[in-house]
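Enquirer: Residues 991 to 1369 in the working numbering are what the sequence shown lists, from first letter to last.
First the structure, then my questions, so here it is.
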Amino acid sequence: MLRILHFADLHLERPFGSIATTGRPGNLPRELLRRCLERTVDLALERKVDAITLGGDLFEHEHFTAGALKFVQEQFRRLGSIPVFISPGNHDPNMAGSPYRQEGWPENIRVARSPGLEPFPLDDSTCIWAGAFAAPVRRDCPVAGFQVPQDGRRHILLLHADLGEDESDYCPLPLPALQGAGFGLALLGHLHGAQRSLRHPLPVLYPGSPCPLDFSEEEDEHTALLVELDGEHVRWEALDVATLRLRTVPLPITGISSFQELVALARGTVDAAGPVAAVRLVLEGELSFDVDLGRLIERLAATGGPFVDVRDKTLPALDLAAEAQGRTARSRFVRRMLERIRTAGPQERPVLEEALRLGIAALEGRELEPAFWRAEDEA
Ligand SMILES: [Mn+2]
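Structural data, given as structure tokens:
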């Protein structure tokens, strides 16, 4: 039996925008990603794996430092003779200036260098085929037209790719191409939410990023995978290696009448969120006074604890029916929106209610969404 630990998309050295810098020194999320790599290596040793496969985006090229390189090399050196096969992705392409081309990597590291698939024999009966991003974008599919040799060995694809896409900036991998190539297993990276299929004609495994990297990834499953190959049989086990956790929590504020009260309520809610790196509070309900969200965040940050991000989804405490009778631009807006909401279907209604909320807030000159979270680029 062959045992492989497969992971991808750790994104070491990701800066995390203001989540890292607001209210505390250092960069905790970045530190937690390093702990995640340590934990993954620990588990590989504990579970006595025969190899590690890495589906790309181990780190973010533009943010990588000499210190981070040393850290990664030290971690992989702990594996001794256990090989680590790496298929570089769009964030860690194997190009000029890549950390993969620096000195000091231990001998057990095997990094794909070319966009085309290269064979990396794992043992007498198993061969891993991996290709590299050689730039942050690749629109070709190295699997298209590829055929594994008919030599009785087991052939495994290791690739950072966009499965099911005919066209993509991130290595499209159309299903027919994958099915026609003759692999017995595909170990992939790029999608930050886990996706696993053991269905015919071959098992396809995305572990997801081991840690969520953004509040938008909070609902996804984040794992490393222990993959066991026994003859034709493939089994997997999801390993929880997450060290960085994020949580979004609603904060109903109807009835709160002062800033002090709001701070106390928010602090209690953050404390109750448990051991997480960051909490996003979503203010909901009717607001009877003006809230300075920046000041709220400052007050919460002053006592330490997780990073706090605040989203405002409140409605001003308005009597909308009365408001709609008026003659101002706002009254006209409220009147027309209430008419549309009344006749809207179930799908459209929440969108219109949100539009009404945002419209009233905009007409009052309120800040709509504090931009505390840096808009992230592609996975
Ligand atoms: Mn990624």
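Note that beta-carbon positions come from the ideal geometry of N, C-alpha and C, so glycine has one too.
Predicted model, so just to flag it, every value in this text is computed and none were measured.
Just to check my reading of the structure: Asn1098 and Phe1066 have Cβ atoms closer than 8 Å, yes? What is that Cβ distance to the nearest angstrom?
Expert: For the purposes of this step, residue 1098 is taken as residue 108 along the sequence shown, with counting starting at 1. For the purposes of this step, residue 1066 is taken as residue 76 along the sequence shown, with counting starting at 1. Between Phe1066 and Asn1098 the Cβ distance is about 7 Å, and since that is below 8 Å, they are a contact.
Enquirer: If distances are taken between C-alpha atoms only, which option among Glu1276, Leu1283, Leu1234 and Asp1113 comes closest to Gly1264?
Expert: If you number the sequence shown from 1, residue 1264 lands on position 274. When only C-alpha atoms are compared, the closest one is Leu1234.
Enquirer: With distances taken between CB atoms, is the gap from Ala1102 to Glu1108 smaller than 9 Å?
Expert: For this step, residue 1102 is matched to residue 112 along the sequence shown. For this step, residue 1108 is matched to residue 118 along the sequence shown. Yes, Cβ-Cβ distance for Ala1102 and Glu1108 is below 9 Å.
Enquirer: Within a Cβ cutoff of 8 Å, which residues of the same chain sit near Ile1350, ignoring the five residues on either side of it in sequence?
Expert: Taking the first residue of the sequence shown as position 1, residue 1350 is located at position 360. These residues qualify, in order along the chain: Leu1305, Pro1306, Leu1308, Arg1320, Phe1323 and Val1324.
Enquirer: Around the Cβ of Pro1111, are there at least 16 other Cβ atoms within 10 angstroms (buried) or fewer (exposed)?
Expert: In the sequence shown, the residue the question calls residue 1111 occupies position 121. So Pro1111 ends up on the exposed side.
Enquirer: Report buried or exposed for Ala1361, applying the criterion of at least 16 other Cβ atoms within 10 angstroms of its Cβ.
Expert: Here residue 1361 refers to the residue found at position 371 when the sequence shown is read from its first residue. Any reading at Ala1361 must be qualified, since the residue scores a pLDDT of 34, below 50, and its modelled position is unreliable; the value itself is stated next. It is exposed - the Cβ of Ala1361 has fewer than 16 other Cβ atoms within 10 Å.
Enquirer: If I follow the unbroken alpha helix (DSSP H) through Arg1137, where does it start and stop?
Expert: Along the sequence shown, one-based indexing puts residue 1137 at 147. In the sequence under discussion, the amino acid at residue 1137 is Gln, which differs from the Arg named in the question. Counting along the chain, Gln1137 falls outside any alpha helix (DSSP H), and DSSP gives it neither H nor E.
Enquirer: Might you give, ordered along the chain, the residues of its own chain that have their beta carbon closer than 7 Å to the beta carbon of Pro1105, omitting 5 neighbours on each side?
Expert: Counting from 1 along the sequence shown, the entry for residue 1105 is found at position 115. Cβ neighbours of Pro1105 beyond the five flanking positions: Gly1121, Ala1122, Ala1124, Arg1128, Asp1130 and Pro1132.
Enquirer: Leaving out five residues on either side along the sequence, give the residues of the same chain with a beta carbon under 8 Å from the beta carbon of Arg1091.
Expert: Walking along the sequence shown from the start, residue 1091 turns up at place 101. Asn1084, listed in sequence order.
Enquirer: I'd like the list of long-range same chain contacts for Pro1256, defined as Cβ closer than 7 Å, with 5 residues on each side in sequence excluded.
Expert: Indexing the sequence shown from 1 puts residue 1256 at position 266. Sequence inspection shows Ala at residue 1256; the Pro mentioned does not correspond to that position. So the qualifying residues of the chain are Leu1241, Leu1271, Leu1286 and Leu1290.
Enquirer: When we look at the beta-carbon of Arg1004 and count the other beta-carbons within 10 Å, is it buried (16 or more) or exposed?
Expert: In the sequence shown, the residue the question calls residue 1004 occupies position 14. By the 10 Å Cβ count, Arg1004 comes out buried.
Enquirer: Check this for me: beta carbons of Leu1178 and His1150, under 9 Å apart or not?
Expert: As a first step, residue 1178 must be located in the sequence shown, where it is residue number 188. As a first step, residue 1150 must be located in the sequence shown, where it is residue number 160. Yes, the Cβ-Cβ distance between Leu1178 and His1150 is below 9 Å.
Enquirer: Nearest-angstrom Cα distance between Gly1228 and Thr1213?
Expert: Along the sequence shown, read from residue 1 onward, the residue named residue 1228 stands at position 238. Along the sequence shown, read from residue 1 onward, the residue named residue 1213 stands at position 223. Position check: residue 1228 holds Ala in this sequence, whereas Gly was assumed. Going from the Cα of Ala1228 to the Cα of Thr1213 covers about 6 Å.
Enquirer: Taking the alpha helix (DSSP H) that Gln1063 belongs to, which residues open and close that run?
Expert: In the sequence shown, the residue the question calls residue 1063 occupies position 73. Counting along the chain, the alpha helix (DSSP H) containing Gln1063 begins and ends at Ala1056 to Arg1067.
Enquirer: In this structure, how does DSSP classify Leu1252 when only helix, strand and coil are distinguished?
Expert: Here residue 1252 refers to the residue found at position 262 of the sequence shown. Three-state DSSP puts Leu1252 in a helix.
Enquirer: Looking at C-alpha atoms only, which residue of Ala1134, Glu1050, Gly1183 and Gln1185 is the closest neighbour of Pro1164?
Expert: As a first step, residue 1164 is located in the sequence shown; it is residue number 174 there, counting from the start. Checking every option, the nearest Cα to that of Pro1164 belongs to Ala1134.
Enquirer: Measuring straight from C-alpha to C-alpha, what distance separates Arg1143 and Leu1153?
Expert: Walking along the sequence shown from the start, residue 1143 turns up at place 153. Walking along the sequence shown from the start, residue 1153 turns up at place 163. Taking the straight line joining both Cα atoms gives about 24 Å.
Enquirer: Once the 5 residues before and after Ser1278 are set aside, which same chain residues still bring their CB inside 7 Å of it?
Expert: As a working mapping, residue 1278 is identified with position 288 in the sequence shown. Taken in chain order, the residues that qualify are Ser1247 and Ala1307.
Enquirer: Determine the DSSP secondary structure at Gly1284, reduced to helix, strand or coil.
Expert: Locating residue 1284 in the sequence shown gives position 294, counting from the first residue. Note: Gly1284 maps to helix in three-state DSSP.
Enquirer: Report the rounded CA-to-CA distance for Leu1252 versus Arg1330, giving the unit in angstroms.
Expert: For the purposes of this step, residue 1252 is taken as the residue at position 262 of the sequence shown. For the purposes of this step, residue 1330 is taken as the residue at position 340 of the sequence shown. Near 33 Å, if we compare the C-alpha coordinates of Arg1330 and Leu1252.
Enquirer: If you compare alpha carbons, which of Pro1340, Glu1064, Leu1219 and Ala1268 is closest to Leu1188?
Expert: Within the sequence shown, the letter at position 198 stands for residue 1188. Among Pro1340, Glu1064, Leu1219 and Ala1268, the Cα nearest to that of Leu1188 belongs to Leu1219.
Enquirer: Residues in its own chain within less than 6 Å of Leu1353 by CB, not counting five upstream and five downstream?
Expert: The residue given as residue 1353 occupies position 363 in the sequence shown. Result list for Leu1353: Arg1320, in chain order.
Enquirer: Rounded to the nearest angstrom, what separates Glu1036 and Glu1064 at their Cα positions?
Expert: Looking up residue 1036 in the sequence shown gives position 46. Looking up residue 1064 in the sequence shown gives position 74. Their backbone Cα atoms lie some 17 Å apart in a straight line.
Enquirer: Kindly indicate which residue of Ala1056, His1081, Val1062 and His1051 has the alpha-carbon position closest to the one of Thr1030.
Expert: Within the sequence shown, numbered from 1, the residue matching residue 1030 stands at position 40. Minimum Cα distance to Thr1030 is reached at Val1062.
Enquirer: Per DSSP, what are the beta-bridge partners of Lys1303 in this structure?
Expert: Against the sequence shown, residue 1303 aligns to sequence position 313. Note: Lys1303 sits in a beta bridge opposite Glu1274.
Enquirer: Who are Asp1220's beta bridge partners in DSSP?
Expert: Position 230 of the sequence shown, counting from 1, holds the residue named residue 1220. Note: Asp1220 sits in a beta bridge opposite His1223.
Enquirer: Within 10 angstroms of the Cβ of His1081, are there 16 or more other Cβ atoms? Answer buried if so, exposed if not.
Expert: Here the question's residue 1081 lines up with position 91 in the sequence shown. With 16 or more other Cβ atoms within 10 Å, it is buried.
Enquirer: Closer than 6 Å by C-beta to Arg993: which residues in its own chain qualify, once you throw out the five before and the five after it? Chain order, please.
Expert: Residue numbering aside, residue 993 sits at position 3 when the sequence shown is read from its first letter. Only Val1039, Asp1040 and Glu1218 meet the Cβ criterion.
Enquirer: Work out the CA separation of Leu1215 and Leu1195 for me, nearest whole Å.
Expert: The residue labelled residue 1195 in the question sits at position 205 within the sequence shown. The residue labelled residue 1215 in the question sits at position 225 within the sequence shown. Straight-line Cα distance between these residues: approximately 8 Å.
Enquirer: Please determine, among Gly1007, His1182 and Pro1296, the residue with the shortest C-alpha to C-alpha distance to Arg1237.
Expert: By 1-based counting over the sequence shown, the position of residue 1237 is 247. Nearest of Gly1007, His1182 and Pro1296 to Arg1237, Cα basis: Pro1296.
Enquirer: So for Phe1205, helix, strand or coil by DSSP?
Expert: Here the question's residue 1205 lines up with position 215 in the sequence shown. It is helical.
Enquirer: Assuming the contact rule is C-beta atoms closer than 8 Å, Thr1043 and Leu1148 should be a hit. Round their C-beta distance to whole Å, please.
Expert: Indexing the sequence shown from 1 puts residue 1043 at position 53. Indexing the sequence shown from 1 puts residue 1148 at position 158. Confirmed, about 5 Å.
Enquirer: Looking at ligand 1, does it come within less than 8 Å of Gly1179, judged from the CB to the closest heavy atom?
Expert: Position 189 of the sequence shown, counted from the start, is the residue given in the question as residue 1179. Yes, Cβ of Gly1179 sits closer than 8 Å to a heavy atom of ligand 1.
Enquirer: For His1001, verify whether its CB is less than 8 Å away from any heavy atom of ligand 1.
Expert: As a position in the sequence shown, residue 1001 is number 11, starting the count at 1. Result yes, Cβ under 8 Å from ligand 1.
Enquirer: Quick check: what's the CA-CA separation for Gly1335 versus Leu1059?
Expert: Residue mapping note: residue 1335 aligns to position 345 of the sequence shown, counting from 1. Residue mapping note: residue 1059 aligns to position 69 of the sequence shown, counting from 1. Their Cα atoms are separated by approximately 55 Å.
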